[in-house]
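K.L.:
To start, I am sharing the structure in question, which I have written as structure tokens.
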Amino acid sequence: MHYIRLLRPPKVTRQAGHHLELLFTITTDLGDSFLYPDMPIDLHIVAEIHEASTPTNLKLTKKSQVVWQSGMRVAKPKIAIPRPLQAALASGTKVNICISTNKKTSADGAQNILLHSEELDGQGQIMPVWAALSDTDAGADVSTRRILLDDAETGRYLVEVEEEIGESIARHIWDAGVLAMCSIAGMYLCSSLECSQQKLPNAMKAILSSKKRLNVLELGCGVGILGLGFATIFPQLRKEGLEKCAIMMTDLEEAEERTKANIHRAATKGKIPGVSLLYENLDWEDGRKGLFGHEVASRGWDLIIISDCTYNVDMLPALVETLTALETASRLKQDNGASVTKVFLATKPRHASERSFFDLMSDSKWCVQESQILDLPVLGNEKESIELYLFGRQ
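In terms of this note's numbering, the sequence shown opens at residue 10 and continues consecutively.
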């Protein structure tokens, strides 16, 4: 998958008229490969104007006005701002700018993303980007991603996460997190798809409906996309008998600000009854010793979720030992001392050394109970894959 990534905030200039200046690139999740399409790709730039309860979309570009083609590393379009948008900006009305591609190529929804994964000749997709636009020089330092988890387009199951603007790959969403979230949502909202009817989705549904109260812990949450996805589909989990769910997102201290901002963003859309969204810092070097913060230590964890965390091979022993310490602590909280903790892992294999994770898990008496591979088509390049695993401990 490729991502449209802003390299600086959208800017309004007033030289020879009002213009919108953009600077962006289109790369893979780690930023290690620019989009190199066989044919030029038409880009759509739209202003979302919040003058009423229902935002108005105003197209700013015509067909072929802004395109991405092979060999490009950045795009620097300068677009005339129409009078309605000038008026909205002058009045202080909230305005967002969206850069996207056509509907077929756009990775804007779970069903769309999963359908492309199932197609034998599936075409790669491009994730749109959103950012606030201001009439002043004070540009926002974040952009947002919006992923619709069902196909109703009502916004009920919409996940929106902030990312940092710029060239850094830190505090961005990555492929495995996106596909994992779509897969979990697909179990309930896209159940007719073949990928939603496999053994792993069925096993996950059994876990999520096994108790009236469930505790879910995310390790290495990044910007929080997987935990936020869980929270968004909670109304569907309620139909399966789940009444309350605590979702605890954890990462290193440098991820705290962005994750908390995304939790706050989700809360401003309306509280989801029965869901507690929490964050606490957790360094795996502490976790492997059984040293946890108050929030993590105070609960037994039914499900631990991880995505895009096995690429750093040096940290794999600490990760596995943290998982084992969490399972042991959760087991002690059970009246019968039985193991109830499951681990859901989503990973995009990047190098062979990552397979050592599975050896370490086996050495710690974790076993793979179910697995699934989702194809990930890539525009202008070879197909990749996302691997999903469900672990239990003996």
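For every residue, glycine included, the Cβ atom is placed at its ideal position computed from N, Cα and C.
Using the Cα positions of Thr37 and Gly299, report the straight-line distance between them to the nearest angstrom.
P.N.:
Taking the sequence shown and counting its residues from 1, the one referred to as residue 37 is at position 28. Taking the sequence shown and counting its residues from 1, the one referred to as residue 299 is at position 290. C-alpha separation (whole angstroms): 36 Å.
K.L.:
Are the CB atoms of Trp310 and Leu228 within a distance shorter than 8 Å?
P.N.:
Along the sequence shown, read from residue 1 onward, the residue named residue 228 stands at position 219. Along the sequence shown, read from residue 1 onward, the residue named residue 310 stands at position 301. No; because the gap between Cβ atoms is not below 8 Å, this pair is not in contact.
K.L.:
Go ahead and pull the three-state DSSP assignment for Glu249.
P.N.:
Mapped onto the sequence shown, residue 249 falls at position 240. Here Glu249 sits in coil by DSSP.
K.L.:
At which residue ranges does the region 207 to 257 contain complete beta strand (DSSP E) runs of 3 or more residues, listed in the order of the chain?
P.N.:
Counting only runs of 3 or more, we get 222 to 228.
K.L.:
Suppose contacts are defined by Cβ-Cβ distances below 8 Å. Is Phe33 in contact with Ile13 by that definition?
P.N.:
Numbered from 1 along the sequence shown, position 24 holds the residue referred to as residue 33. Numbered from 1 along the sequence shown, position 4 holds the residue referred to as residue 13. Cβ distance < 8 Å, so Phe33 and Ile13 count as in contact.
K.L.:
What distance in whole Å lies between the Cβ atoms of Leu67 and Ala119, which are believed to be in contact at a cut-off of 8 Å?
P.N.:
Taking the first residue of the sequence shown as position 1, residue 119 is located at position 110. Taking the first residue of the sequence shown as position 1, residue 67 is located at position 58. Contact flag wrong, Cβ pair sits at about 27 Å.
K.L.:
Just confirm the distance between the C-beta atoms of Gly302 and Glu294, as a whole number of angstroms; I'd bet it's less than 8 Å.
P.N.:
By 1-based counting over the sequence shown, the position of residue 302 is 293. By 1-based counting over the sequence shown, the position of residue 294 is 285. Their Cβ separation, rounded to whole angstroms, is 14 Å, which puts Gly302 and Glu294 out of contact at 8 Å.
K.L.:
Quickly, what does DSSP pair Lys351 with across the bridge? List them, please.
P.N.:
Locating residue 351 in the sequence shown gives position 342, where the first residue counts as 1. According to DSSP, which records beta bridges pairwise, Lys351 is partnered with Leu312.
K.L.:
Run through the region 319 to 394 for me and flag every whole beta strand (DSSP E) of 3 or more residues, listed as ranges in chain order.
P.N.:
Runs of the beta strand (DSSP E) inside the region 319 to 394: 351 to 356 and 375 to 385.
K.L.:
Is the CB-CB distance between Leu383 and Leu397 below 8 Å?
P.N.:
Here residue 383 is taken as the residue at index 374 of the sequence shown, counted from 1. Here residue 397 is taken as the residue at index 388 of the sequence shown, counted from 1. Contact: yes.
K.L.:
Let's test the definition: count the other Cβ atoms within 10 Å of the Cβ of Pro93 and tell me whether it reaches 16, buried, or not, exposed.
P.N.:
Mapped onto the sequence shown, residue 93 falls at position 84. By the 10 Å Cβ count, Pro93 comes out exposed.
K.L.:
Leaving aside the five residues before and after Tyr45 along the sequence, list all residues of the same chain whose C-beta is less than 6 Å from its C-beta, in chain order.
P.N.:
For the purposes of this step, residue 45 is taken as the residue at position 36 of the sequence shown. Answer for Tyr45: Ser79 and Gly389, listed in chain order.
K.L.:
Please look up how many angstroms separate the CB atoms of Ser152 and Glu172, rounded, as I've assumed it's under 8 Å.
P.N.:
As a first step, residue 152 is located in the sequence shown; it is residue number 143 there, counting from the start. As a first step, residue 172 is located in the sequence shown; it is residue number 163 there, counting from the start. Indeed, because the Cβ distance is near 5 Å, the residues count as touching under 8 Å.
K.L.:
Assign Ile106 to one of three DSSP states: helix, strand, or coil.
P.N.:
Residue 106 sits at position 97 when you count from the first residue of the sequence shown. It is a strand residue.
K.L.:
Given Lys253, which residues of its chain have a CB within under 6 Å of its CB, disregarding the five upstream and five downstream residues?
P.N.:
Here residue 253 corresponds to residue number 244 of the sequence shown, with the count starting at 1. So the list reads Arg222 and Gly283, once near-sequence residues are dropped.
K.L.:
Which residues in the same chain have their Cβ closer than 7 Å to the Cβ of Arg274, if we skip the five residues on either side of it in sequence?
P.N.:
Within the sequence shown, numbered from 1, the residue matching residue 274 stands at position 265. Excluding residues within five positions, the ones whose Cβ falls inside 7 Å are Glu169 and Glu171.
K.L.:
Pairing CB atoms from the region 124 to 142 with CB atoms from the region 213 to 220, are three or more of them under 8 Å?
P.N.:
Contact fails: fewer than three Cβ-Cβ distances are below 8 Å.
K.L.:
For His11, I'd like the list of residues in its chain whose CB is within less than 8 Å of its CB, leaving aside the five on either flank, ordered along the chain.
P.N.:
Your numbering for residue 11 matches position 2 in the sequence shown. Ile35, Thr36, Thr37, Leu44, Gly133, Gln134, Ile135, Met136, Val387 and Leu388.
K.L.:
With C-beta atoms as the reference, is Leu385 less than 8 Å away from Lys392?
P.N.:
The count along the sequence shown starts at 1 and reaches residue 385 at position 376. The count along the sequence shown starts at 1 and reaches residue 392 at position 383. Their beta carbons are under 8 Å apart, which means Leu385 touches Lys392 by this criterion.
K.L.:
With the cut-off set at 8 Å, would you say Val21 and Leu98 are in Cβ contact?
P.N.:
Taking the first residue of the sequence shown as position 1, residue 21 is located at position 12. Taking the first residue of the sequence shown as position 1, residue 98 is located at position 89. Contact flag set, yes.
K.L.:
So if DSSP puts Asp51 in a beta bridge, which residue, or which two residues, is it bridged to?
P.N.:
Numbered from 1 along the sequence shown, position 42 holds the residue referred to as residue 51. BP columns for Asp51 point to Val76.
K.L.:
Using 8 Å for Cβ pairs, my map puts Cys204 next to Glu127. What's the rounded Cβ distance?
P.N.:
Counted from its first residue, the sequence shown places residue 204 at position 195. Counted from its first residue, the sequence shown places residue 127 at position 118. Sure, about 6 Å apart at Cβ, within 8 Å.
K.L.:
What's the call for Val83, buried or exposed, on a 16-neighbour Cβ count within 10 Å?
P.N.:
Your numbering for residue 83 matches position 74 in the sequence shown. Exposed, since its Cβ has fewer than 16 Cβ neighbours within 10 Å.
K.L.:
Taking the beta strand (DSSP E) that Lys113 belongs to, which residues open and close that run?
P.N.:
Here residue 113 refers to the residue found at position 104 when the sequence shown is read from its first residue. It is not in any beta strand (DSSP E) - Lys113 carries neither H nor E in the DSSP assignment.
K.L.:
Could you tell me the alpha carbon to alpha carbon distance between Leu291 and Arg297, rounded to whole angstroms?
P.N.:
Along the sequence shown, one-based indexing puts residue 291 at 282. Along the sequence shown, one-based indexing puts residue 297 at 288. Cα-Cα distance, rounded: 10 Å.
K.L.:
Report the rounded CA-to-CA distance for Leu31 versus Lys87, giving the unit in angstroms.
P.N.:
Residue 31 sits at position 22 when you count from the first residue of the sequence shown. Residue 87 sits at position 78 when you count from the first residue of the sequence shown. Near 7 Å, if we compare the C-alpha coordinates of Lys87 and Leu31.
K.L.:
Use the C-beta contact count for Leu404: other C-beta atoms within 10 angstroms, 16 or more gives buried, fewer gives exposed.
P.N.:
Nothing can be reported for residue 404, as the shown portion of the chain is limited to 10 through 403.
K.L.:
Tell me whether Pro49 is buried or exposed, calling it buried when 16 or more other Cβ atoms sit within 10 Å of its Cβ.
P.N.:
Counting from 1 along the sequence shown, the entry for residue 49 is found at position 40. It counts as exposed.
K.L.:
Determine the closest residue to Cys107 out of His27, Ser115 and Thr350, with distance taken between C-alpha atoms.
P.N.:
Counted from its first residue, the sequence shown places residue 107 at position 98. Ranking the options by Cα distance to Cys107, first place goes to Ser115.
K.L.:
Please state whether the Cβ-Cβ distance between Gly186 and Ile234 is less than 8 Å.
P.N.:
Here the question's residue 186 lines up with position 177 in the sequence shown. Here the question's residue 234 lines up with position 225 in the sequence shown. It is a contact, given that the beta carbons lie within the stated cut-off.
K.L.:
Which residues does DSSP pair with Lys269 in a beta bridge?
P.N.:
Here residue 269 refers to the residue found at position 260 when the sequence shown is read from its first residue. Per DSSP, none; premise fails for Lys269.
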